[in-house]
Amino acid sequence: FYLKVILMEMGSSHSECLGSLDMQAGDVISCHLNSFLGSRGPRHWMLATGPDTVIHTVATGTKNFSTTAFIREMHYSGVGGCNTGSCQNWGQNYNGRTREEAVAEAMKYKDGIYYYDVSRCNCQHWVNKWTKGAGGFSSSSVMWAMPNCKAY
Numbered sequence: 042f043y044l045k046v047i048l049m050e051m052g053s054s055h056s057e058c059l060g061s062l063d064m065q066a067g068d069v070i071s072c073h074l075n076s077f078l079g080s081r082g083p084r085h086w087m088l089a090t091g092p093d094t095v096i097h098t099v100a101t102g103t104k105n106f107s108t109t110a111f112i113r114e115m116h117y118s119g120v121g122g123c124n125t126g127s128c129q130n131w132g133q134n135y136n137g138r139t140r141e142e143a144v145a146e147a148m149k150y151k152d153g154i155y156y157y158d159v160s161r162c163n164c165q166h167w168v169n170k171w172t173k174g175a176g177g178f179s180s181s182s183v184m185w186a187m188p189n190c191k192a193y
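Note that the sequence shown covers residues 42 to 193 in the numbering used here.
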């Protein structure tokens, strides 16, 4: 029994190449960052807009400091700044919005320039905003009300 549970958990954390993921619009996608922590480290979060496209933040400067970021929709082959060989599809990993609503919300921000901060306004905050209507790392809409992710 325990071995079966362990194998199931291992399968659920399986990483694949971004291009080999079976994506549909509204899926939450993450890829490990290129860091010394490898697969145990932080991730870059995106929202699938179709079977081979995602929308996500693209920072314009170093991710170690506050900077600006574009919200870009692109083919998965254009995604950079993360290990695209180590990605996961979390599916519709959110409540409250349909896949269509999440994608429509993300598209409102497409091609805009926004404040970016690795700890206070990052890719995960944006994906949470689109999928849950809340930023931050929780489902609280109060987190998004904080002026961290402002437009330029």
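Yeah, the Cβ is synthetic: ideal placement off N, Cα and C, and Gly gets one too.
Quick caveat, the model's predicted, so the values are computed rather than measured.
Notebook entry, point to check: By a C-beta neighbour count over all protein chains shown, 10 Å radius and 16 as the cutoff for buried, is E114 buried or exposed?
Noted result: As a working note, residue 114 is residue 73 in the sequence shown. Burial call: buried.
Margin query: With a threshold of 8 Å, are at least 3 pairs of Cβ atoms found where one atom belongs to the segment 61-71 and the other to the segment 86-98?
Written below: yes
Checklist line | Local Cβ density within 10 Å of A175, reported as buried at 16 or more and exposed below that | finding: The residue labelled residue 175 in the question sits at position 134 within the sequence shown. Answer is buried; the Cβ neighbour count reaches 16.
Checklist line | Cα-Cα separation, N75 to T139 | finding: For the purposes of this step, residue 75 is taken as residue 34 along the sequence shown, with counting starting at 1. For the purposes of this step, residue 139 is taken as residue 98 along the sequence shown, with counting starting at 1. Cα to Cα, the separation comes out at about 31 Å.
Next item on the list: Work out the CA separation of D152 and G60 for me, nearest whole Å.
Entry: The sequence position of residue 60 within the sequence shown is 19, counting from 1. The sequence position of residue 152 within the sequence shown is 111, counting from 1. Distance between the alpha carbons of G60 and D152 is about 23 Å.
Check: Given S107, which residues of its chain have a CB within under 6 Å of its CB, disregarding the five upstream and five downstream residues?
Finding: Position 66 of the sequence shown, counted from the start, is the residue given in the question as residue 107. D158, listed in sequence order.
Notebook entry, point to check: Taking the beta strand (DSSP E) that C162 falls in, what are its first and last residues?
Noted result: As a first step, residue 162 must be located in the sequence shown, where it is residue number 121. Note, C162: premise wrong, no beta strand (DSSP E); not H, not E.
Item checked: Helix, strand or coil at T101 according to DSSP, with G and I counted as helix -> Taking the sequence shown and counting its residues from 1, one reaches residue 101 at position 60. Coil at T101, not helix or strand.
Check: Is it right to say C72 is buried, meaning 16 or more other beta carbons lie within 10 angstroms of its own, or is it exposed?
Finding: Locating residue 72 in the sequence shown gives position 31, where the first residue counts as 1. Looking at its Cβ environment, which holds 16 or more other Cβ atoms inside 10 Å, C72 is buried.
Check: Taking the C-alpha atoms as reference points, what is the distance between V99 and Y135?
Finding: Stepping through the sequence shown from its first residue, residue 99 is reached at position 58. Stepping through the sequence shown from its first residue, residue 135 is reached at position 94. So the two alpha carbons sit approximately 23 Å from each other.
Checklist line | Residues that A89 bridges to, as DSSP identifies them | finding: Position 48 of the sequence shown, counted from the start, is the residue given in the question as residue 89. Bridge partners of A89: V95.
Margin query: Between the alpha carbons of W167 and G126, how many angstroms are there, rounded?
Written below: What you label residue 167 is simply residue 126 of the sequence shown in a count that begins at 1. What you label residue 126 is simply residue 85 of the sequence shown in a count that begins at 1. Spanning the two alpha carbons is a distance of roughly 22 Å.
Check: If you run the structure through DSSP and keep just helix, strand and coil, what is L62?
Finding: By one-based count along the sequence shown, residue 62 stands at place 21. Note: L62 maps to coil in three-state DSSP.
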